[in-house]
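Accompanying notes for the structure given below.
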Amino acid sequence: MAENNRAVVKLKERFANALLDCKEYRGEVTVTVKKENILEVLKCLRDDLRYNFLTDITAVDYLGQDPRFMVVYHLMSIPNKDRIRVKAPVTEADCSIDSATALWNSANWLEREAYDLFGVDFKNHPNLVRILMTDDWVGHPLRKDYPLQGPDREPYKGRLS
Amino acid sequence: MASEIMTLNMGPQHPSTHGVLRLVVELDGEVIQKITPHIGYLHRGIEKLSEHRTYHQALPLTDRMDYLAPMHNNLGYVLAVEKLLGIEVPERAETIRVIMAELTRLKSHLVWIACHALDIGAMTVFIYAFREREKIMELYEMVSGARMTSNYFRVGGLSRDLPAGFESAVQEIVDTFPGHFDTYEGLLTKNTIWLQRTIGNGVISAEDAIDFGISGPALRGSGVDFDLRRDLPYSGYEKYDFKVPVGENCDTFDRYKVRLVEMREAVKIIDQAMKRLKPGPVLADAPQVCYPPKESVYNSIEGLIHHFKIASEGFPVPEGEVYQGVENPKGELGYYMVSDGGSKPYRMRVRPPSFVNLGAIEKMAKGSMIADLVAVIGTLDIVLGEIDR
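Protein sequence lines correspond, in order, to chains A and B. Under the numbering used here, read the first sequence as residues -6 to 154, first letter to last. Under the numbering used here, read the second sequence as residues 944 to 1332, first letter to last.
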């Protein structure tokens, strides 16, 4: 169970107020924290719990729910051969979170991608510009309210067959 | 004489950028001061597309990412979906997946050594490596009917069993490939030009490699002893005996040696897997997920309806989220799948190894000569189809 995970125990001890949820599903531990505390939590995981490798940063758009976005961090511990997932909810009105580039350089491009495709603003990022779409692109394609076929075309109505 | 910084545009159409990579390089004479990569020329929105397709329909999108290692892309995807569903795959299917995954590693590394050597000026290796790669392409065609976009794996197992003649063809690869690797080593490992171009080139320390999120052979070349197949095993990799090579000097030459040993180890894994192969089913006993056998589809109304329902509606996947990382030839390829309980992925996130590895290019090439940048691109072994997705 997630409660017995050493990282969860430590985080509960140190960030009792910041922890929103922790659960285990299919053997994977997920910790949800307040976005104000994300850098402290990541730093604690990196320095004290040896999750030294930032595998991935991405976002998920839960359109219709509040808060709308979830920024998802996947960390890995090379010495302990272990993974943990950290999530932080971000609202549509204040769609921003602190940048993890101060902790890992790999966050640079991953956050640029999340900004490009979801429009999440990573505060204190050194170079937060689009990475996959062109610089003059309007909108953020992976948002659920962004149409699949693009903004200015007839919606796809399915095959006639 | 006044000196000033020169800006040089390299790509997106450039033979040694391995696809549509564009680098804006700022040079002081021939010395690199700054590199600004521009990517996205091949962006097809695979993550967005997958949200509008059923789980089986999203599978062919994945082998269009890293088109040099399509089966590995399929493998990560099917493992992630199977994890969400909580279904077990029969042992025969698992073993065949390992065989195909390691053949794919050979195929991808053969393209790497061919293009990397060609970029640095050794053309002969290119001709030889592509000759060997053709053997693996033939195997791909044998099992799936396609040479590149294989789409051979299915959620729950494989699309069909191995065809007749496959085992002898693999045996030929197991017997002959180590000799071919000796040939490449004979052409390169003691070649003065090769040594001068690769030793001390593109150095990145172990700490920096972890900091930049580098994975795969590039991480091991920097001396970090980590391989997902051994340390976080999937698809039954814990049953195989193989060495994980590690470099010492963190340079292009060490990454070259690591990849060559990986190729030899891949042949050993294939050999072990072929010996483990026993007759049995290749699809899980999960009728709500797996397609029925073709005999049943063609000969019974129930089978036809079963096939039709899965093909048209897909299958519901329990609500939840999982992450599955696999050791792609390029590095850690990860699938983060979020399901809302429906028959289409709510979110499919691909953690692209080449994308993250390319982020370190400035760190690796800054301060070296412009000609060495070509060697750094080659040693990172990037595929733009997967960087841009």
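Beta carbons are placed, not taken as given, at the ideal position from N, Cα and C, and that holds for glycine.
Beta-carbon proximity of residue i to residue j, cut-off 8 angstroms
| i | j | result |
| --- | --- | --- |
| B:ASN1271 | B:ASP1006 | no |
| B:GLY1129 | B:THR1195 | no |
| B:GLU1262 | B:SER1282 | yes |
| A:VAL83 | A:VAL53 | no |
| A:LEU42 | A:LYS3 | yes |
| A:ARG105 | A:LEU121 | yes |
| B:MET1201 | B:TYR1127 | As written in the sequence, residue 1201 of chain B is Val, which differs from the Met given in the question. No, the Cβ-Cβ distance between B:VAL1201 and B:TYR1127 is not below 8 angstroms. |
| B:PRO1296 | B:ALA1001 | no |
| B:TYR998 | B:VAL1260 | yes |
| B:ILE1042 | B:VAL1113 | yes |
| B:LEU1162 | B:VAL1269 | no |
| B:SER959 | B:ALA1012 | no |
| B:ALA1227 | B:GLY1321 | no |
| B:TYR1177 | B:LEU1022 | yes |
| A:ILE38 | A:ALA11 | Looking at the sequence provided, one finds Leu at residue 38 of chain A rather than Ile. Cβ distance not < 8 angstroms, so A:LEU38 and A:ALA11 don't count as in contact. |
| B:ALA1229 | B:ASP1062 | no |
| B:LEU1105 | B:GLU1075 | no |
| B:GLY1159 | B:LYS1306 | no |
| B:GLU1077 | B:MET1291 | no |
| B:THR1038 | B:LEU1220 | yes |
| B:LEU1327 | B:LEU964 | yes |
| A:ILE71 | B:ILE1153 | yes |
Cα-Cα separation, residue i to residue j
| i | j | result |
| --- | --- | --- |
| B:GLN1267 | B:ARG1040 | 16 angstroms |
| B:GLU1181 | B:ARG1173 | 6 angstroms |
| B:ILE1304 | B:GLY1277 | 21 angstroms |
| B:GLN1139 | B:LEU1131 | 11 angstroms |
| B:MET1312 | B:ILE975 | 6 angstroms |
| A:ASP91 | B:VAL1299 | 20 angstroms |
| B:GLY1310 | B:GLY983 | 26 angstroms |
| B:PRO1188 | B:VAL1240 | 47 angstroms |
| A:TYR66 | A:LEU32 | 11 angstroms |
| A:ALA107 | A:ALA93 | 12 angstroms |
| B:GLN1004 | B:ALA1089 | A small fix is needed here, since residue 1004 of chain B is Leu in this sequence, not Gln. Their Cα atoms are separated by approximately 14 angstroms. |
| A:ASN45 | B:PRO1235 | 45 angstroms |
| A:ASN101 | B:VAL1098 | 34 angstroms |
| B:GLN1026 | B:ARG1048 | Correcting the residue identity first, residue 1026 of chain B is Lys in this sequence and not Gln. Cα to Cα, the separation comes out at about 23 angstroms. |
| A:LYS5 | B:ARG1207 | 46 angstroms |
| B:LEU1082 | B:VAL1204 | 22 angstroms |
| A:LEU125 | A:PRO119 | 17 angstroms |
| B:PHE1251 | B:ILE989 | 25 angstroms |
| A:GLN142 | B:LEU992 | 9 angstroms |
| B:LEU1046 | B:SER1243 | 37 angstroms |
| B:LEU1323 | B:ALA1044 | 20 angstroms |
Residues near residue i in its chain [Cβ-Cβ closer than 6 angstroms; skip 5 each side]
| i | result |
| --- | --- |
| A:GLU85 | ARG61 |
| B:SER1087 | SER1093 and TYR1095 |
| A:THR25 | LEU13, ASP14 and LYS80 |
| A:SER99 | LEU47 |
Per DSSP, cross-strand counterpart(s) of residue i
| i | result |
| --- | --- |
| B:MET1280 | B:VAL1265 and B:MET1291 |
| B:ILE975 | B:LEU970 |
| A:MET69 | A:PHE46 and A:ARG76 |
| B:GLY1274 | B:ASN1271 |
| B:ASN952 | B:VAL967 |
| A:ALA52 | A:VAL64 |
| A:PRO82 | A:MET63 |
| B:LEU1101 | B:PHE1096 |
| B:LEU1226 | B:GLY1100 |
| A:SER89 | A:ASP114 |
| B:HIS957 | Note: B:HIS957 sits in no beta bridge, so no partner. |
| B:PRO980 | B:LEU966 |
Sequence-distant residues of the same chain with beta carbon closer than 7 angstroms to residue i, five excluded per side
| i | result |
| --- | --- |
| A:LYS36 | LEU96 |
| B:ILE1330 | ILE982, PRO1295, SER1297, PHE1298 and LEU1301 |
| B:GLY1246 | PRO1235, SER1239 and VAL1240 |
| B:ALA1060 | VAL1068, PHE1069 and LEU1131 |
CB contact check: residue i to chain D, cutoff 8 angstroms
| i | result |
| --- | --- |
| B:ARG1292 | The structure shown contains no chain D; the protein chains it does contain are A and B. |
Close Cβ partners of residue i (< 8 angstroms) along its chain, the five nearest in sequence each way excluded
| i | result |
| --- | --- |
| B:ILE948 | GLU969, LEU970, ASP971 and GLN976 |
Limits of the unbroken alpha helix (DSSP H) element including residue i
| i | result |
| --- | --- |
| A:ASN101 | 100 to 111 |
| A:THR177 | Nothing about residue 177 of chain A can be reported from this structure: the residues present for chain A run from -6 to 154 only. |
| A:ASP40 | 31 to 40 |
| A:GLU21 | It is not in any alpha helix (DSSP H) - A:GLU21 instead sits in the beta strand (DSSP E) that spans 21 to 26. |
| B:MET1307 | 1304 to 1308 |
| B:TYR1020 | 1013 to 1028 |
| B:TYR1177 | Neither: B:TYR1177 is in no alpha helix (DSSP H) and is coded neither H nor E. |
| B:ASP1184 | It is not in any alpha helix (DSSP H) - B:ASP1184 carries neither H nor E in the DSSP assignment. |
| B:ILE1313 | 1313 to 1323 |
The beta strand (DSSP E) enclosing residue i, as first and last residue numbers
| i | result |
| --- | --- |
| B:LYS1133 | First-last for B:LYS1133: undefined, no H or E at that position. |
| A:LEU13 | 12 to 18 |
| A:PHE115 | 114 to 116 |
The ligand NAP heavy atom lying under 7 angstroms from the CB of residue i
| i | result |
| --- | --- |
| A:ALA81 | This structure does not include the ligand NAP; it has no bound ligands of any sort. |
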